[in-house]
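Accompanying notes for the structure given below.
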Amino acid sequence: MSKYSTWSITFNSTTKLYIALVMAMFIWGISWPSAKIVGRYADADLLMFWRFVIGAMTMLPIMHLLKINANFPRKSFRYVLIAAICLVGYNYNYLKGTQIGMAGLGGVIVPTLSPLVTLILAIATFNQKVHKKDIIGILFGIIGGLILLEIWKFNFQDLSKSGNLYFIIAAVVWAGAIICTQKVKSELNAVNFSLWLYLVAIIIVLPITPLSSIMNVFSFDWIFWINFLVISALSLGFGTTIFFLATMNIGSHKTSSFMYVVPISAVGSSVLFLGEPLALSTTLGGGLAIFGVYLINQK
Numbered sequence: 001m002s003k004y005s006t007w008s009i010t011f012n013s014t015t016k017l018y019i020a021l022v023m024a025m026f027i028w029g030i031s032w033p034s035a036k037i038v039g040r041y042a043d044a045d046l047l048m049f050w051r052f053v054i055g056a057m058t059m060l061p062i063m064h065l066l067k068i069n070a071n072f073p074r075k076s077f078r079y080v081l082i083a084a085i086c087l088v089g090y091n092y093n094y095l096k097g098t099q100i101g102m103a104g105l106g107g108v109i110v111p112t113l114s115p116l117v118t119l120i121l122a123i124a125t126f127n128q129k130v131h132k133k134d135i136i137g138i139l140f141g142i143i144g145g146l147i148l149l150e151i152w153k154f155n156f157q158d159l160s161k162s163g164n165l166y167f168i169i170a171a172v173v174w175a176g177a178i179i180c181t182q183k184v185k186s187e188l189n190a191v192n193f194s195l196w197l198y199l200v201a202i203i204i205v206l207p208i209t210p211l212s213s214i215m216n217v218f219s220f221d222w223i224f225w226i227n228f229l230v231i232s233a234l235s236l237g238f239g240t241t242i243f244f245l246a247t248m249n250i251g252s253h254k255t256s257s258f259m260y261v262v263p264i265s266a267v268g269s270s271v272l273f274l275g276e277p278l279a280l281s282t283t284l285g286g287g288l289a290i291f292g293v294y295l296i297n298q299k
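Residue 299, in the numbering used here, is where the sequence shown stops; the numbers in between run on with no holes.
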C-alpha cells in the first residue's frame, strides 16, 4: 500500500471503496450518451482540451478537502506521461466514436473489451499467473466482442464508419492507462496522480487544439453544459479518480471487472435519452463479454 495514500488507507478493506466504484461506473455509463450530445456542438480536439481543464479543476477542491499536496511526481513521471498519452488516445476515440456511432454500443464495447486487454497486459507486465478461468473468461470476452461487432457482417470500411473501430482502440489504450496507474501505486496518491495526469494531458492536446475557436464553448447552450459537466466534472473528475484509487488498492484486473456496470448504465441511458434501438447483438454479445469478465474476477 502506498505510504503517500492516506485517503487510500481510509477506503481500503471497506465497502466504501466498492460503493464509490459502482457509483463511478454508473456515471461512466451515462457519460456515453452525454458524449454523443456534446459531439454535436464541437469536434473531439476542442472538447478534449476543455474536458481535461475541467477535470484538473475538479481535483483542486478535492485535494484541498483531503489535505493532499500537489507534489510533482519526479520518480513516476514517465508513467504519468505514458498514462496521459493513453488518456488522450482514449478520449479522442471515445468522443470521435460517439460522434459517428451509437453511444450505447460504445458503452458496451469499451467496458467489456478493456478488462480483457488489461488482464493480458497485466500478465505480460506483472508476470501475473494465468488460471483456467482466466482463459475461459477471455474466450467468452472474445466471442462476446465478435458478436457486438456483428462479425458476420464484417467490412473494415463499415467498422470505421460505424464508429466501432474508435471504440476498439479506446478499449486498448484505456487498458494501457490502467497498467501505468498500478505501476505508480507505491509512489503517488490517486488524487495527486489524477491531477498531474490531466495537466500533462492538457499540454499534449494543446498543439492540436483549434486556438481560433477555443472560447466557442462559452457560447453553447445549457444542454451542452449539463452534458459536458457530466463527462468532465463527474465522469473524468470523480469517476476516473475513483477508478485510479481502486486500481492502486485492489489491483488493475479486479478494478476493471467493475466496468460491467457501465454497459447496463450506458445502454439504458442511451435508449432513454437518445432513443437508440437495443439490438439483439448488443444484448447477447454484451452479456457474454460481461460473463467473461465475471469469470476472470472469481477467486
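Just so you know, even glycine gets a beta-carbon here, dropped at the ideal spot from N, CA and C.
Computed from a prediction, not measured in an experiment: that's the story for all the values here.
Under DSSP, the alpha helix (DSSP H) around residue i begins and ends at which residues?
i, result
"SER212", "First-last for SER212: undefined, no H or E at that position."
"PHE238", "Counting along the chain, PHE238 falls outside any alpha helix (DSSP H), and DSSP gives it neither H nor E."
"ILE120", "103-126"
"GLN298", "Here GLN298 belongs to no alpha helix (DSSP H), and DSSP marks it neither H nor E."
"GLY145", "132-148"
"TRP152", "Per DSSP, TRP152 belongs to no alpha helix (DSSP H) and is neither H nor E."
"LEU165", "164-183"
"ILE85", "77-100"
"GLY318", "The question about residue 318 has no answer here: the residues shown for the chain are numbered 1 through 299."
"LEU219", "Contrary to the premise, residue 219 reads as Ser rather than Leu in this sequence. Where SER219 is concerned, there is no enclosing alpha helix (DSSP H), given that its DSSP letter is neither H nor E."
"ILE195", "Residue identity check: residue 195 is Leu in the sequence provided, not Ile. LEU195 -> alpha helix (DSSP H) spans 190-205."
Around the Cβ of residue i, are there at least 16 other Cβ atoms within 10 angstroms (buried) or fewer (exposed)?
i, result
"ALA84", "buried"
"ASN249", "buried"
"GLN157", "exposed"
"LEU60", "exposed"
"VAL184", "buried"
"MET215", "exposed"
"MET1", "With a pLDDT of 45 at MET1, under the threshold of 50, the modelled position of this residue cannot be trusted; read the value that follows with caution. Looking at its Cβ environment, which holds fewer than 16 other Cβ atoms inside 10 Å, MET1 is exposed."
"THR15", "exposed"
"LEU280", "exposed"
"SER212", "exposed"
"TRP152", "exposed"
"TRP50", "buried"
"MET171", "The question names Met, but residue 171 in the sequence shown is Ala. Buried."
"LEU121", "buried"
"SER5", "Below a pLDDT of 50, predicted positions are generally treated as unreliable, and SER5, at 47, falls in that range; the measurement from the model is reported next regardless. With 16 or more other Cβ atoms within 10 Å, it is buried."
"VAL130", "exposed"
"TRP196", "buried"
"TRP300", "Here the chain has residues from 1 to 299 only, and residue 300 is not among them."
"LYS3", "Legend: pLDDT at LYS3 = 49, less than 50; position of this residue unreliable, no value from coordinates given."
"ASN164", "buried"
"PRO207", "exposed"
"ILE93", "The sequence shown places Asn at residue 93, not Ile. Looking at its Cβ environment, which holds 16 or more other Cβ atoms inside 10 Å, ASN93 is buried."
"GLY275", "exposed"
"ALA124", "exposed"
"ALA160", "Ala is not the amino acid found at residue 160; the sequence shown has Ser there. It counts as exposed."
"SER8", "Confidence is the limiting factor: at SER8 the pLDDT is only 48, short of 50, which leaves the residue's position unreliable, though a coordinate-based value still follows. The residue is buried, with at least 16 neighbouring Cβ atoms inside 10 Å."
"PHE11", "In this prediction, PHE11 has a pLDDT of 48, which is less than 50 and means its spatial position is unreliable; nothing more can be read from the coordinates."
"TYR166", "buried"
"LEU65", "exposed"
"LYS67", "exposed"
"ILE19", "exposed"
"PHE218", "exposed"
"ASN192", "buried"
"LYS96", "buried"
"PHE238", "buried"
Below 8 angstroms on the Cβ atoms is my guess for residue i versus residue j; work out the distance and round it to an integer in Å.
i, j, result
"ASN227", "ILE37", "5 angstroms"
"ILE296", "LYS132", "Contact flag wrong, Cβ pair sits at about 11 angstroms."
"PRO277", "LEU46", "At roughly 30 angstroms, the Cβ-Cβ gap does not stay under 8 angstroms, so PRO277 and LEU46 are not in contact."
"ALA177", "TYR90", "7 angstroms"
"ALA175", "THR118", "4 angstroms"
"THR247", "THR181", "5 angstroms"
"GLY104", "ILE264", "Wrong, their Cβ atoms sit about 10 angstroms apart, outside the cutoff."
"ILE138", "GLY292", "7 angstroms"
"VAL22", "PHE258", "7 angstroms"
"TYR41", "PHE224", "5 angstroms"
"ALA289", "LEU149", "At roughly 11 angstroms, the Cβ-Cβ gap does not stay under 8 angstroms, so ALA289 and LEU149 are not in contact."
"SER232", "ILE62", "Contact flag wrong, Cβ pair sits at about 14 angstroms."
"SER162", "GLY101", "5 angstroms"
Shorter than 9 angstroms from the beta carbon of residue i to some beta carbon of chain D?
i, result
"LEU47", "This model lacks chain D altogether, as it is built from one protein chain only."
- Complete alpha helix (DSSP H) runs within the stretch 17-67 (minimum length 4 residues, chain order): 44-66
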